[in-house]
Each structure stands twice: as C-alpha cells, then as structure tokens.
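Start counting the sequence shown at 21; every next residue gets the next number (the working numbering).
Idealized CB from N, CA, C, for every residue including glycine.
Shown next, in structure tokens, is the structure this report addresses.
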Amino acid sequence: MSLRTRTWLSLWTVYVVWGSTYFGIAKVVETMPPLLSMGVRFLTASVLIFLYLLISHGRNIFRIPRREYLTASSLGIGALALGIGTVAIAEKHIPTGVASLIIAALPLWVVLFRTLSRERIPGSTWIGTLVGFLGVIILVQPGGIKPISSSNSDEVIFYMFLVVIGNFIWAFSTFIAPKLQLPKNLLLFTAIEMTAAGIALLLAGYIYGERFSEFSESSFESWFWFAYLVIVGSIIAFTAYLWLVVNAPVSLVATYAYVNPVIAVLLGVLFLEEIITFNYAIGGIIIILGVLVVVTSESKRRREA
C-alpha cells in the first residue's frame with residue numbers, strides 16, 4: 021500500500037469513526053448508565069492496549085518515571101473523563117450534533133489559554149477564534165435547540181453548558197500537556213489516560229447513582245455500539261490518528277477538527293431524527309468556519325516556523 025493511499029485511508033478512518041462516536045454514545049446511553057458505560061469503555065480499551073504493548077515491547081515499556089504516570093493520569097481525568105463524561109450525560113437530553121459542535125470549539129479555547137499565557141497569536145487565528153465563539157453563543161441561545169425525549173428548554177440549556185464546561189477543561193488539558201513530563205510512547209500515554217479516565221468515571225457514576233445492575237437491562241443495540249466505541253472508536257481510530265501524526269502533514273491531520281462534527285450532525289439527522297433549527301444550523305456553520313480559520317492559520321504558522 022502506497023504512503024498516499026494509507027494516509028487517506030487513515031484520515032477517513034479518523035473522520036468517519038470519530039465523527040460517529042457521538043452517534044455511538046447516544047445509542048449506548050439509551051439503555052446503559054452514561055458514566056459507568058464510558059468508564060468501562062475506557063478501562064476495556066486501556067487493558068487491550070496494555071496487553072498489546074506487553075506482547076510487542078515487553079515489560080520494559082512500562083518502566084517510566086512515576087511522575088509520567090501521574091501527569092498522564094491527570095490529563096486522562098481532565099480530558100477524557102470530564103470531556104466525554106459530560107457528553108455521555110448530555111446526549112440523553114440534547115442532539116448528538118449539537119454536542120459535537122460544542123466539542124469542535126476545543127481549538128478556540130486553546131487559543132484563549134495561549135493568549136492568557138502571553139503567547140503571541142496571529143491575527144487570523146484571533147479572527148477565527150472570535151468567529152467560532154460567536155457560533156457557540158448562537159448555538160446555546162435559550163429556545164434555539166429542539167430537545168430530545170421529554171427534556172424541556174431549561175434542561176437543554178443546562179446540558180449544553182455542561183458540555184461547554186467539559187470541553188473547557190478538555191482544552192485546558194490539551195494546552196498544558198506539552199508543558200508536562202509525559203510518556204514518550206503515545207500508545208502507553210493513551211492507555212494510562214484511559215485507565216485514569218475509566219476509574220474516575222466509575223467513581224463518578226456510582227456517586228451519581230448509577231449501578232452495574234443496569235447493564236443487565238441493556239439492549240443488544242447498546243451493547244453493539246458499546247463494542248464499537250471500545251474497539252473501533254478508542255483503538256482502531258486512535259491508532260490511525262497516531263500514524264497520521266507521525267507520517268502526514270499537520271495541516272492535513274488537523275482537518276478532523278471540523279470534519280468530525282459534520283459527520284456527527286449528518287448521522288443525527290439521518291438516523292436519530294434530530295431536527296436542525298435555525299440556531300443549530302447558523303451556529304454550527306459559524307463554529308466550523310471559525311475552527312477552519314484557526315486550524316488553517318496555525319498550520320501555516322507551523323510550516324513557516
């Protein structure tokens with residue numbers, strides 16, 4: 021297989037799989053406890069990755085400083101546990117496409133953190149950031165999104181802001197990660213992150229009132245999508261992403277940031293009967309436009325550097 025073919029195959033794997041995870045989460049939480057299911061998801065995926073690393077690299081791969089375990093675990097709690105946990109809870113009340121668009125704003129928050137740290141930000145990046153945040157404001161306007169199930173307008177607003185808070189913490193974790201001492205092996209780093217996130221989500225789920233007995237009443241469809249999230253979403257797609265990070269231009273890899281929400285919105289409309297309101301459409305388009313400008317500007321800056 022040529023490098024070009026493998027690059028595009030990996031890229032479309034990230035596009036479709038990561039874009040479909042919002043749909044997958046929605047199907048899982050239909051009959052499974054949101055926090056416990058995401059906790060088991062990450063723990064299962066991390067065990068599989070640990071086994072792969074043990075078989076392919078031996079025990080020495082795990083001999084890293086304790087500090088690296090701690091920092092990777094902290095990022096796992098901040099990014100995965102809070103970032104994905106809030107999405108899982110919210111998707112019982114808000115459309116999957118809306119959740120994906122809020123998460124798509126992550127690069128915008130990172131720009132804000134970089135500004136607060138007194139880093140010089142290109143003008144075009146700032147323009148894209150302001151445009152993207154305008155889209156977020158439009159998206160979360162009261163009454164602008166049609167709720168799912170029996171949720172009312174106030175609940176929709178609450179759960180959208182819950183996702184915003186989770187995304188904010190996820191973005192801060194992304195911003196601070198390069199400044200920390202982390203495992204050099206990206207798969208090991210991911211497995212540690214997932215382990216910490218899984219444990220945190222299990223504890224949060226238990227405190228939230230969820231119980232493992234609820235899994236016995238879960239539908240086959242929820243179990244199918246649970247397996248999809250573990251194997252395809254957490255392992256196959258992430259492996260493809262890691263390969264792209266090493267072998268493809270940053271500008272090309274970064275396109276997933278604004279393609280994923282498009283995939284998520286389409287799946288929600290086609291298979292979950294989600295309704296695109298005026299705020300949903302306009303806010304979503306503006307967010308994607310803002311993220312596109314930021315990603316393009318930052319990719320150009322990296323090439324010049």
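Query raised in the report: Mapping DSSP to helix, strand and coil, what is T275?
Result: coil
Query - Buried or exposed (CB count within 10 angstroms, at least 16 for buried), H77 - result: By the 10 Å Cβ count, H77 comes out exposed.
Query raised in the report: Should K47 be labelled buried (16 or more other beta-carbon atoms within 10 Å of its own) or exposed?
Result: buried
Query raised in the report: Counting pairs of Cβ atoms below 8 Å between the segment 78–87 and the segment 268–280, do you hit three or more?
Result: Segments in contact, no.
Query - Closest Cα partner of I69 within the set E111, K320, P281, T215 - result: T215
Requested in this report: Look up P53 in the DSSP assignment and say whether it is helix, strand or coil.
Outcome: coil
Query - Same chain, Cβ closer than 6 Å to Q161, five either side skipped, listed in chain order - result: N299
Requested in this report: Could you say which of G186, F43, R24 lies nearest to F291 if we only look at CA atoms?
Outcome: Of G186, F43, R24, the residue nearest in Cα terms is F43.
Query raised in the report: Going along the chain, which residues of its own chain have a beta-carbon closer than 6 Å to the beta-carbon of E234, five neighbours each way excluded?
Result: Cβ within range, chain order: P53.
Query - Whole runs of the alpha helix (DSSP H) within the segment 69–144, excluding any shorter than 4 residues - result: 86–95, 102–110, 116–124, 126–136
**Report entry** Proximal residues to G304 (C-beta, below 6 Å), its chain only, five neighbours per side dropped
**Finding:** L121
Query raised in the report: So, G96 versus I212, is the Cβ gap smaller than 9 Å?
Result: yes
Query raised in the report: By DSSP, does M21 sit in helix, in strand, or in coil?
Result: Note: M21 maps to coil in three-state DSSP.
Query raised in the report: Can you tell me the Cα-Cα spacing of L102 and P127, whole angstroms?
Result: 17 Å
Query - Straight-line gap, G59 to I185 (C-alpha atoms, nearest Å) - result: Distance between the alpha carbons of G59 and I185 is about 19 Å.
Query raised in the report: Of all the options V314, I306, K320, which has the alpha carbon lying nearest to the alpha carbon of L154?
Result: I306
Query raised in the report: Curious, which full-length alpha helix (DSSP H) runs of at least 4 residues does the segment 188–253 contain?
Result: 206–228, 240–248
Query raised in the report: Whole alpha helix (DSSP H) runs in the segment 143–167 with 4 or more residues, listed along the chain?
Result: Here the runs fully enclosed are 143–159.
Query raised in the report: Excluding sequence positions up to five away, which residues of its chain have a Cβ less than 6 Å from the Cβ of Y179?
Result: A110, H113, I114
Query raised in the report: Ordered along the chain, which non-local residues of its own chain (more than five positions away) have a Cβ less than 6 Å from that of S7?
Result: Only positions 21 to 325 of the chain appear in the structure, and residue 7 is not among them; the question remains open.
Requested in this report: State the DSSP-derived secondary structure class of N172, mapped to helix, strand or coil.
Outcome: coil
Query raised in the report: Less than 9 Å separating the beta-carbons of L207 and L262?
Result: yes
Requested in this report: To the nearest angstrom, report how far apart E139 and L23 are at their CA atoms.
Outcome: 35 Å
Query raised in the report: Looking at L63 and P222, is the spacing between their C-beta atoms short of 9 Å?
Result: Per the sequence presented here, residue 222 reads as Leu, with Pro not at that position. Contact: yes.
Report task. Have a look at F82 and L159 and give me their C-alpha separation to the nearest angstrom. Result -> 44 Å
**Report entry** Cβ shell of T210 (< 7 Å), same chain only, five flanking positions each side left out
**Finding:** Same-chain partners within the cutoff: I69, F258.
Query raised in the report: Going along the chain, which residues of its own chain have a beta-carbon closer than 7 Å to the beta-carbon of A119, five neighbours each way excluded?
Result: Y42, V107, A110, E111, V183
Query raised in the report: Is L292 helix, strand or coil by DSSP?
Result: coil
Report task. Please classify T297: does DSSP put it in a helix, a strand, or coil? Result -> coil
**Report entry** Classification of G143 by the beta-carbon crowding that lies within 10 angstroms, buried from 16 upward
**Finding:** exposed
Requested in this report: Assign R86 to one of two classes, buried (16 or more other C-beta atoms within 10 Å of its C-beta) or exposed (fewer than that).
Outcome: exposed
Query raised in the report: Near V34, which residues of its chain fall below 6 Å by C-beta distance, leaving aside the five closest residues on each side in sequence?
Result: Correct list, in chain order: A257, A260, Y261, Y276.
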